[in-house]
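For the sequence shown, my numbering assigns the number 39 to the initial residue and increments by one for each residue that follows.
Built from N, CA and C at the ideal position, the CB exists for glycine as well.
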Amino acid sequence: MSVSIIRHVTWVGFWVNAVLMVIKIAIGHYGHSDALVADGVHSLSDFATDLIVLAFVWIAYKGADSRHPYGHGKFETFASLLISVTLLLVAIGLGWAGMRAIISSLKGNPLPRPDIWTIAVAIIAILSKEWLYRYTIATGR
């Protein structure tokens with residue numbers, strides 16, 4: 039697959055994730071939905087990993103030079119490591135926030151009921167992610 043195709047698909051994902059991130063975090067916050075905020079943070083991690091892919095695809099596909107006689111392919115592995123660490127940190131953060139909410143509710147603090155329109159944002163997010171998945175798979179084939 040050519041670098042330009044990889045970059046194009048990643049840019050599409052970047053913008054979809056950017057829009058979803060902002061909408062989910064904002065609507066989740068104002069609509070009292072911790073789950074939607076958490077999903078927005080997950081979109082933030084997708085957004086960040088798209089940036090990593092964009093940076094490292096450019097580096098990894100460079101040809102051999104005097105310092106890298108076998109090329110720069112190992113940078114792709116390093117990018118995978120960065121993405122893994124990013125996702126691990128996001129998972130830990132989301133887990134921590136969830137634990138705090140559970141502990142707070144066990145102490146008698148009420149959990150706010152999410153507004154009904156947060157469901158519309160969740161449905162839009164699901165449809166957007168499904169489209170992005172199918173677009174990526176189709177382009178990859």
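query: Which of helix, strand or coil does DSSP assign to Ala102?; result: coil
query: Find the nearest neighbour of Pro150 within the set Gly66, Ile130 and Tyr171, judged by alpha-carbon distance.; result: Gly66
query: Okay, do the stretch 87-96 and the stretch 113-124 touch, 3+ Cβ pairs below 8 Å being the bar?; result: yes
query: Drop a sphere of 10 angstroms on the beta-carbon of His80, count the other beta-carbons inside from all chains shown, and report buried for 16 or more, exposed for fewer.; result: buried
query: Hey, out of Ala129, Ser83 and Thr156, whose CA is closest to Trp53's CA?; result: Ser83
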